[in-house]
Each structure stands twice: as C-alpha cells, then as structure tokens.
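Enquirer: Have a look at this one.
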Amino acid sequence: MTSTGTFITFEGIDGSGKSTQARMLADHLRALGRDVVLTREPGGSPGAEEIRALVLQGDPDRWSAETEILLFAAARRDHLERTIQPAIEAGKIVICDRFADSSRMYQGLSRGDLRATVDQLHKLMIKREPDLTILIDMDPTTGHSRAKARQTVEERFEDFGADLQEKMRAGFLSLADEFADRFHVIDGARPIDVVAHDVADVVASHLAK
Ligand code: ADP
Ligand code: TYD
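Under the numbering used here, read the sequence shown as residues 13 to 221, first letter to last.
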C-alpha cells in the first residue's frame, strides 16, 4: 500500500511571521506523534540552498526579472525532487515556508506583469500545488519593521517600497480567492500564540478530512 502525506505551505509578506508559525506547527504536530519535515524556499535541498544565496544576496538588480524567475524555478524543482516529493511519498507531513505562490507574487508582480510567465514555467516544471496554504496576512509597515530588525545579508527583496509591499499584500489576498480550495487566511497581527492556535485548528480540520 502506498501512503500519501500532506503538503502544507505558509505564505505572506516578509516579516508576517511565517517562519515562526511553520516552526511552531512542526513542533505541535511532532508532539502529536506525526512525522514532519520542516523546510523552506528558496532552499530546502543542498542545491537549492546554493541557489538561495544567488537570489537573496547582492545587488537588487543583479538578475533580470526573467533570469530570476528561472533561478527560483530551478531551486524549486530541486527542492521538490529531493526533499518534498520523497517525504510526501513516505507519508510525512511537509511544512514549507513559502512555495510557488511566492513566485506568483514576487516574480509575477514586482517587476512588471510576469505572472503568466511564472505560471507557464510552473505548469511545465513544477506542476504540484500544496494541499493546504496558510496565508499569514498583516499590514506591511509592521511586517517590514519586523523583517528589517533581523539584520541579515539576505536583503535583495526587503527594501521594496511601501507601495509595492501593499501591492504584495493585496496580491496574496487575491491569490487566496483564486485558489480558495487550498488557502486559509489568518490574521498575523496578533500575539504569536494566538496565531499559532488558529493555525493548529485549520491544520487539524484539514488532516481530519
Ligand atoms: P517571516 O518568516 O514571515 O519573515 P518571522 O517568523 O521570521 O517572519 O518573524 C519576523 C520577526 O517577527 C521575528 O523576529 C519574530 O520573532 C517576530 N514575530 C513573528 N510573529 C510575531 C507576532 N505574532 N507578533 C510579534 N512578533 C512576531
Ligand atoms: P524568506 O526567507 O521566506 O524571507 P522572509 O522571512 O523575509 O519572508 O524569503 C526570502 C525572500 O525570497 C522573500 O523576500 C521573498 C523572496 N522569494 C521570491 O521572491 N520568490 C520565491 O519564489 C520565493 C520562494 C521567495
């Protein structure tokens, strides 16, 4: 008998609390005895982690918009082949901090309208969508100040202006409508434990289906 796992992703603007919530959900499910793989994009496999440094560090116009789409897709394909797919086939719960919806937003919206290109490449090379996507929604000003407080070298995308951050937020909310069967929107502007409680509830009802 082949068992199939569950693929859960977290999405949202920078600093909304995705990594925090992904980690807390993994701890919660492990405490319930579930087999969990916690991973992230860009990255999540050795090759994709190397691509992560290429796309997140350095000058903001280091890559053309089109080259950037290809680099994120290459990282995703490697991550899918080597980490996500094997874990799902082994019946595990995969929790991923960002996935293709981030490309639909960041590469699709930030430097012109490239959403159709992102979608075409996804259809050709990735195909897989998550079973459940949790959108941590929040106001970009708060998200941006949380993200900047981290002080890392991975800043190529963190200096988007306020207008673009608002556009990203609105874009994620409209993606949630477009893929209403798998998206759940959770208000991230509340204390960490309150958000985590809502996330755990949404995941419990999904797993009970
Ligand atoms: P993301 O992965 O979405 O960029 P993080 O989980 O890394 O966000 O959170 C960014 C920063 O905000 C971290 O310092 C984290 O501790 C803090 N943080 C996360 N969630 C909350 C929350 N609900 N309230 C206050 N601070 C938070
Ligand atoms: P991440 O480490 O999740 O940043 P944060 O914790 O600040 O949310 O992701 C790094 C950046 O990569 C983030 O600014 C969004 C960007 N990104 C894309 O542009 N396209 C993608 O497909 C992915 C997965 C991430």
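Quick reminder that beta carbons are idealized off the backbone N, C-alpha and C, glycines included.
When you compare only the Cα positions, how much space is there between residue 55 and residue 127?
Expert: Here residue 55 is taken as the residue at index 43 of the sequence shown, counted from 1. Here residue 127 is taken as the residue at index 115 of the sequence shown, counted from 1. So the alpha carbons of these two residues sit roughly 22 Å apart.
Enquirer: Can you list, in chain order, the residues of its chain with a C-beta nearer than 7 Å to that of residue 88? Leave out the 5 residues immediately preceding and following it.
Expert: In the sequence shown, counting from the first residue as 1, residue 88 sits at position 76. So the qualifying residues of the chain are 53, 112, 138.
Enquirer: Write down every uninterrupted run of the beta strand (DSSP E) in the stretch 90–171 whose length is 3 residues or greater and which is fully enclosed by it, in chain order.
Expert: List check, beta strand (DSSP E) in window: 105–109, 144–149.
Enquirer: Would you please state the rounded distance, in angstroms, between the beta carbons of residue 19 and residue 96? I believe it to be under 8 Å.
Expert: Position 7 of the sequence shown holds residue 19. Position 84 of the sequence shown holds residue 96. About 7 Å; that satisfies the 8 Å criterion.
Enquirer: Between 34, 122, 72, 117, which has its C-alpha nearest residue 190's C-alpha?
Expert: Translated into the one-based positions of the sequence shown, residue 190 becomes position 178. Of the listed residues, the one whose Cα sits closest to residue 190 is 117.
Enquirer: Quick check: is any heavy atom of the ligand ADP less than 6 Å from the C-beta of residue 45?
Expert: Taking the first residue of the sequence shown as 1, we reach residue 45 at position 33. Not under cutoff, so the answer is no.
Enquirer: Starting from residue 22, trace the beta strand (DSSP E) in both directions and tell me its first and last residue.
Expert: On the sequence shown, residue 22 is found 10 positions in, with the first residue counted as 1. Counting along the chain, the beta strand (DSSP E) containing residue 22 begins and ends at 18–23.
Enquirer: On the three-state DSSP scale, how would you describe residue 195?
Expert: Here residue 195 is taken as the residue at index 183 of the sequence shown, counted from 1. Looking at residue 195 - three-state DSSP - the assignment turns out to be strand.
Enquirer: Applying the criterion that 16 or more other CB atoms from any shown protein chain within 10 Å of the CB defines a buried residue, is residue 181 buried or exposed?
Expert: As a first step, residue 181 must be located in the sequence shown, where it is residue number 169. Residue 181 should be labelled buried.
Enquirer: To the nearest angstrom, report how far apart residue 76 and residue 27 are at their CA atoms.
Expert: The count along the sequence shown starts at 1 and reaches residue 76 at position 64. The count along the sequence shown starts at 1 and reaches residue 27 at position 15. Cα to Cα, residue 76 sits roughly 25 Å from residue 27.
Enquirer: Who are the near neighbours of residue 42 in its chain, counting only those whose CB is closer than 6 Å to its CB and skipping five residues on each side?
Expert: Translated into positions along the sequence shown, residue 42 becomes position 30. So the qualifying residues of the chain are 48.
Enquirer: Please go through the stretch 24–71 and give each complete alpha helix (DSSP H) segment of 4 or more residues, from N-terminal end onward.
Expert: Whole alpha helix (DSSP H) segments, 4+ residues: 30–43, 58–68.
Enquirer: Please report how far the alpha carbon of residue 120 lies from the alpha carbon of residue 129, in whole angstroms.
Expert: For this step, residue 120 is matched to residue 108 along the sequence shown. For this step, residue 129 is matched to residue 117 along the sequence shown. When rounded, the distance between both Cα atoms is 8 Å.
Enquirer: Give the single residue among 30, 132, 147, 57 whose Cα lies nearest to the Cα of residue 186.
Expert: By 1-based counting over the sequence shown, the position of residue 186 is 174. Nearest of 30, 132, 147, 57 to residue 186, Cα basis: 147.
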